[in-house]
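Report on one structure; see the data block that follows.
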Amino acid sequence: MNQAQIKAKIISNKRFKDNYWHLEFESGLIAMHALPGQFVNIKVNSSIDPLLRRPISIHGTKGPKVKLFYEVIGKGTQILSSRKPGELLDVIGPLGNGFDLQATSDKRQATILVAGGMGVAPLVFLAESIKLKKPLVLIGAKTKKQILCLQEFKALGCAVKIATDDGSAGFKGRVTELLGQVLRQAQGARQLAIYACGPGAMLKAVSRMACENNIDSQLSLEEHMACGIGACLGCVVSTKSGYKRVCKDGPVFSGKELTW
Amino acid sequence: MNQAQIKAKIISNKRFKDNYWHLEFESGLIAMHALPGQFVNIKVNSSIDPLLRRPISIHGTKGPKVKLFYEVIGKGTQILSSRKPGELLDVIGPLGNGFDLQATSDKRQATILVAGGMGVAPLVFLAESIKLKKPLVLIGAKTKKQILCLQEFKALGCAVKIATDDGSAGFKGRVTELLGQVLRQAQGARQLAIYACGPGAMLKAVSRMACENNIDSQLSLEEHMACGIGACLGCVVSTKSGYKRVCKDGPVFSGKELTW
Amino acid sequence: MKPDLSVRIGKLDLKNPVMVASGTFGYAEEFGDFIDLKKLGAIVTKTITIKPRLGNLPPRTCETPSGMLNSIGLENPGIDKFIKEKMPFLKKLGIPVIVSIASVDDPGEFTILVKQLDRIKEVSAIELNISCPNLHKERLISQDAKDTFALVSAVRKLTEKCLITKLSPNVTSASEIALAAERAGSDAVALINTLGGMSIDVDKRTPKIGSWSGGLSGPAIRPVAVKMVWEAYNKIKIPIIGSGGIIDIQSALEFFIAGATAISVGTANFINPRASLEIISGLKEYMADNNIHNLNNLIGSLKACES
Amino acid sequence: MKPDLSVRIGKLDLKNPVMVASGTFGYAEEFGDFIDLKKLGAIVTKTITIKPRLGNLPPRTCETPSGMLNSIGLENPGIDKFIKEKMPFLKKLGIPVIVSIASVDDPGEFTILVKQLDRIKEVSAIELNISCPNLHKERLISQDAKDTFALVSAVRKLTEKCLITKLSPNVTSASEIALAAERAGSDAVALINTLGGMSIDVDKRTPKIGSWSGGLSGPAIRPVAVKMVWEAYNKIKIPIIGSGGIIDIQSALEFFIAGATAISVGTANFINPRASLEIISGLKEYMADNNIHNLNNLIGSLKACES
Ligand SMILES: Cc1cc2nc3c(=O)[nH]c(=O)nc-3n(C[C@H](O)[C@H](O)[C@H](O)COP(=O)(O)OP(=O)(O)OC[C@H]3O[C@@H](n4cnc5c(N)ncnc54)[C@H](O)[C@@H]3O)c2cc1C
Ligand SMILES: Cc1cc2nc3c(=O)[nH]c(=O)nc-3n(C[C@H](O)[C@H](O)[C@H](O)COP(=O)(O)OP(=O)(O)OC[C@H]3O[C@@H](n4cnc5c(N)ncnc54)[C@H](O)[C@@H]3O)c2cc1C
Ligand SMILES: Cc1cc2nc3c(=O)[nH]c(=O)nc-3n(C[C@H](O)[C@H](O)[C@H](O)COP(=O)(O)O)c2cc1C
Ligand SMILES: Cc1cc2nc3c(=O)[nH]c(=O)nc-3n(C[C@H](O)[C@H](O)[C@H](O)COP(=O)(O)O)c2cc1C
Ligand code: FES
Ligand code: FES
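Just so you know, the protein sequences line up as chains A, B, C and D, in that order.
Using the numbering used here, read the first sequence as starting at 1 and increasing by one per residue.
Using the numbering used here, read the second sequence as starting at 1001 and increasing by one per residue.
Using the numbering used here, read the third sequence as starting at 2001 and increasing by one per residue.
Using the numbering used here, read the fourth sequence as starting at 3001 and increasing by one per residue.
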């Protein structure tokens, strides 16, 4: 494997809007090996509060730069947002398995990305690497203000549809309902492949719909992580072949495998 | 009592030299009531690492400003030195009893201040309040670089003598040996009063010498503090009348009282 | 409508369930400058013994990761001086005063102390501290179910006042000891006292505490305390007063949800003298937000994770 | 002159006293990318049982003040698969491999496991995990001196290999249990396993751990561990392997000074995979600076505070 623990220089760490932040750090090694769907595990400060690392998806790379996109939701991300350019960040990565691109290698196939909330983070990186396929991207959020990365996806030439719970933008309802609509329209048209990242409930719905329509789905999961490198067996999810580690065997799993 | 818990605005926090820092915060209430020898107890950050407050002597006041002079020796003072002007500092004070100025009220009397290392911090504030007495100040340190507040004392019109362990400035030897010299010279001249702050060993020596020459000595002590307000009974020192709390019954004690 | 924070501990009615823990609040005077003492649910005094005690050799406290060690050794003026010099101030406050007591050499000392306190109207309850790690005994009373049962039974005969038995976490099963206290007639148990601990200065190669070891308190021990409260809640019927690392409303709620009828704030008083009052207002807010009208509906409301 | 870090645990010689703790280092493979595994004093494997175990319901870990809770529930592939799939990599490392084992339903399972491991040359020692809080038993073997004595005696008859008995802090006196293990022929004791703990999500009003409670580890428990090591050191003669919140050289030194012959690094591996190696180099430095030529002169060197 090519994972490493690195003291990486922070290049920039800026608020994008509200509680959403963009961070760039420099690590040629991580940037070189990073695959869409992989993550890094960050020690946000050198104190024992917080004690554990914080896992954040790789949002993209540019030369030796690694890009992260994160939401401040608690103590750890709060402290991360206070870190300054030039400072060294203790990062372990790239971790986990990326999305399986085989699933969408077939030319005749159409690719749909489904993002809920911060789920956009790894999917932008994915869209970049398969942009020739011009994937269709469905973005869901509670309200218009929380629709993220719309521009990024469009800039990559993706078709984008939006769903908001309150209808303040695009389709009114859950992004999974929007997906249902899309699937009905695509009825039997071409083969499809779905890649999704977002809240657990959303991922469950996506995988269920995918299975029903026997479409191959790839889901990026989140679980509480102590080690992030497969050692503690803490971050498991239940699959057809027993518990698997989200950090090491995932975070991306095929909808078919999962039994939640 | 006039002590309070205050979120005080940091006005300045600058490195003076090496690991020595000056911090000024604004609190009319603390500034108004502060007496030389009293201290404040500071929560250096809002985290639980470090958990406890850090006691720091009041170095002086100017209108509503309270001045501190501190050395970065560990985690808490390290974090304190990273706090920025404009931020709010959680401070409790003024705490403890100041120096007893009665001891030097008598006109015929000469006053000697003995400072070891950071012990200068509260003594500058004391010198200011009794500057009309033109006290003699003895400053001790390992080496010349560590002689602190020399200018402050001189600016207050104090006569200053210096002792360094390595002789790099002033008298070569401990400040207590220098004090011995001074006492021998002052032999029987006028009545004397000694005020001292510094390492435990130095204070013990000073009080012993004072007692031998039956001079009234006032010593400012340090003990590990959990509460700083007299509630936990953690910071005790042994005196003729049993254990006393350094934070509440001190930090200033008369050499006669102490039995260490 | 305003949430009802009142709870009942044996015969003792509290207008709110937030107390301050023994030994961390002095005799209340020390906090008069910082908070309105009258707002507290109750005050538990520093533990009192028959004779005055000097306490242990300093240094008596040190900081540890998210916690602290203390080895005060029950320094106190003794019962007579306490009644003469400390009770008057406490009486004036007009809130429940819980007097914590301990024996030093012989459990019999408890009977003498209880008889004396039983006569004082303003003593609302008596807390039996049979769990202080800082007398450095081979075994504490609360480390043995039989000893606990015997002590509590003996004391129970002597007073009608609310009796609280304070237990140690340094046992194989705290809930078994709690059960012994209940059977012996205790009106409530206080869980937990400090965990035995030790910290070393690696340069000097000496303990950081003058009496070698001390009691660990603060957020570090919270998970241990919450578990013991939950286990006791499932084993006994009498109220539990929870403590151990409570510093804010979030941490206080963990104890109520785990089954504590009341809580006591300890180490947090040193860090933030207002902690106890902030918890009281935070509790009102939480109950309002979650429309819980009566605190009793929150107590022990823990349910399994949905997965 | 170079300080001598080698220590002896029963028949087992270690080139240095720094091991990695069971369950926090997987089967070593997981750390191959981060450190030179050959530098470790020894590796203790995740605890192995006879049959494969799925382990407990997720979520299995959560963060607590200066610590974490875990309830993995001894997920492992079972002894046969362990020997077939995990031992080959461990054998190649050429450093002592200590295999941790546990029974699930019946202590008799230990005899089966020990017989199987006794045949494997590269198994340098066997650690008896009789202190795992995550099987949620009424009582652990290590919570009873008689049970501990019986189990260790039975196993002792079956192997000449170095036997380490790992003990729980959730007891009234850990040193009494350590004494029982010594009398039964254990070559060493490992102190401490995790402390039982629980943490609650106050919004959901559910435990943060799927199986309700778990084991507390990390810096938070260090003072508890150091005290237990010191007390055991004064009661038993066999070596003690110290663990509990060791994250750096300072915290490691506390354990040696308190009487540990070796230490094991646990939770710290998650936070800083290099922690164990940094402790080894830090130890060399400290010994040089304090001219301690032989580690045995540091072990148990704690002396009283001068006051
Ligand atoms: C593989 C993976 C990739 C992720 N990628 C991103 C990303 O690109 N951008 C982003 O904003 N967030 C991402 N997350 C979620 C992110 O890890 C959490 O938001 C973060 O750990 C919260 O820490 P905190 O201290 O601010 O919050 P707190 O709530 O204070 O954290 C408390 C504890 O819960 C854990 N925790 C909280 N939320 C989560 C979560 N959703 N998943 C796992 N552990 C959690 C924390 O790590 C910490 O141990 C990812 C999570 C995983 C597992
Ligand atoms: C009444 C009083 C007045 C003081 N005035 C000053 C001052 O004006 N300027 C200054 O630089 N320092 C002063 N000190 C010392 C100062 O409190 C410590 O240097 C500081 O607490 C160190 O904290 P730390 O986290 O940086 O060091 P650490 O060593 O990491 O602290 C560890 C623990 O030890 C305690 N501690 C460490 N040193 C001391 C000490 N000397 N006295 C008491 N507790 C200590 C800390 O509070 C903390 O709880 C004073 C101490 C007292 C008791
Ligand atoms: C400095 C200090 C002194 C204490 N003194 C006593 C005491 O005299 N009697 C007692 O029953 N508990 C005493 N305790 C224990 C506390 O009452 C409380 O049970 C324990 O600290 C756990 O709560 P906490 O983590 O909130 O502090 C003391 C605790 C501390 C920190
Ligand atoms: C995630 C995790 C899993 C653990 N699994 C085991 C185990 O399988 N067997 C065992 O004996 N101890 C196990 N432990 C306990 C550790 O070996 C160690 O004794 C304990 O964590 C205290 O040390 P620490 O504070 O350095 O982590 C585990 C600890 C953690 C955190
Ligand atoms: S977080 Fe440790 S195995 Fe995944
Ligand atoms: S620090 Fe608590 S009494 Fe002095």
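Each residue gets a CB set at the ideal place from its N, CA and C atoms; glycine is no exception.
Among the candidates the options, whose CA atom is the shortest distance from the CA of residue i?
i	options	result
residue 3179 of chain D	D:3051, D:3289, D:3145	D:3145
residue 3022 of chain D	D:3034, D:3048, D:3013	D:3048
residue 1019 of chain B	B:1150, B:1064, B:1146	B:1146
residue 3126 of chain D	D:3164, D:3253, D:3038, D:3275	D:3164
residue 3294 of chain D	D:3249, D:3256, D:3227	D:3256
residue 1131 of chain B	B:1148, B:1153, B:1142, B:1117	B:1153
residue 3095 of chain D	D:3150, D:3274, D:3039	D:3039
residue 191 of chain A	A:216, A:47, A:37, A:27	A:216
residue 42 of chain A	A:68, A:243, A:60	A:68
residue 2269 of chain C	C:2014, C:2002, C:2034, C:2013	C:2034
residue 3187 of chain D	D:3003, D:3007, D:3011, D:3006	D:3011
residue 210 of chain A	A:248, A:48, A:256, A:28	A:256
residue 2072 of chain C	C:2183, C:2078, C:2046, C:2081	C:2046
residue 3249 of chain D	D:3279, D:3226, D:3235, D:3272	D:3279
Residues of chain D with CB closer than 7 Å to the CB of residue i, please, in chain order.
i	result
residue 224 of chain A	3059, 3061, 3062
Whole angstroms are fine: how far does the CA of residue j sit from the CA of residue i?
i	j	result
residue 2305 of chain C	residue 2224 of chain C	19 Å
residue 1080 of chain B	residue 2197 of chain C	28 Å
residue 58 of chain A	residue 136 of chain A	21 Å
residue 164 of chain A	residue 3100 of chain D	52 Å
residue 1237 of chain B	residue 2267 of chain C	21 Å
residue 3066 of chain D	residue 112 of chain A	42 Å
residue 2097 of chain C	residue 2204 of chain C	43 Å
residue 3261 of chain D	residue 3108 of chain D	30 Å
residue 954 of chain B	residue 2042 of chain C	With chain B represented from 1001 up to 1260, any question about residue 954 of chain B goes unanswered, as that position is not in the structure.
Using the beta-carbon of each residue, which ones in chain A are nearer than 9 Å to residue i?
i	result
residue 3274 of chain D	5
Between residue i and residue j, which are expected to be in contact by the criterion C-beta below 8 Å, what is the C-beta distance as a whole number of angstroms?
i	j	result
residue 1023 of chain B	residue 1070 of chain B	7 Å
residue 2264 of chain C	residue 2243 of chain C	4 Å
residue 2253 of chain C	residue 3206 of chain D	Between residue 3206 of chain D and residue 2253 of chain C the Cβ distance is about 13 Å, and since that is not below 8 Å, they are no contact.
Closer than 8 Å by beta-carbon distance: list the chain D residues that pair up with residue i, in chain order.
i	result
residue 2254 of chain C	3199, 3200, 3202
residue 2258 of chain C	3198, 3200
Run down chain B in chain order and give the residues with a C-beta less than 8 Å from the C-beta of residue i.
i	result
residue 2054 of chain C	1242, 1243
residue 2070 of chain C	1226, 1232, 1234
List the residues of chain A whose Cβ lies closer than 7 Å to the Cβ of residue i, in chain order.
i	result
residue 1048 of chain B	49
residue 3075 of chain D	233, 243
Residues of chain C with a CB under 9 Å from the CB of residue i: which are they?
i	result
residue 3132 of chain D	Per Cβ cutoff of 9 Å: no residues; residue 3132 of chain D is ~15 Å from chain C at best.
Using the beta-carbon of each residue, which ones in chain D are nearer than 9 Å to residue i?
i	result
residue 2175 of chain C	Chain D residues near residue 2175 of chain C: none, gap ~11 Å exceeds 9 Å.
residue 174 of chain A	None at all; the shortest Cβ gap to chain D is about 21 Å.
residue 43 of chain A	3271, 3272
Please compile the residues from chain C whose C-beta is within a distance smaller than 7 Å of the C-beta of residue i.
i	result
residue 1053 of chain B	2271
residue 3304 of chain D	2206
residue 3018 of chain D	Those within 7 Å of residue 3018 of chain D in chain C number zero; the least Cβ separation is about 16 Å.
Determine the chain B residues that contact residue i at a beta-carbon separation under 7 Å, and present them in chain order.
i	result
residue 2066 of chain C	1048, 1049, 1051
- Message: Can you pull out the residues from the region 1072-1089 of chain B whose beta carbon lies closer than 7 Å to at least one beta carbon of chain A?
- Response: none
- Query: Using Cβ-Cβ distances below 9 Å, what residues of the region 1214-1241 of chain B are close to chain C?
  - Reply: 1223, 1224, 1225, 1226, 1227, 1228, 1229, 1230, 1231, 1232, 1233, 1234, 1235, 1236, 1237, 1238
- Item | Interfacial residues, the region 2207-2220 of chain C to chain D, with Cβ spacing under 7 Å | 2207, 2210, 2213, 2216, 2219, 2220
- Task: Select from the region 2184-2197 of chain C all residues with a C-beta closer than 8 Å to any C-beta belonging to chain D, and list them in chain order.
- Result: 2195, 2196, 2197
- Message: Short of 8 Å Cβ to Cβ, which residues in the region 3006-3030 of chain D face chain A?
- Response: 3023, 3024, 3025, 3026, 3030
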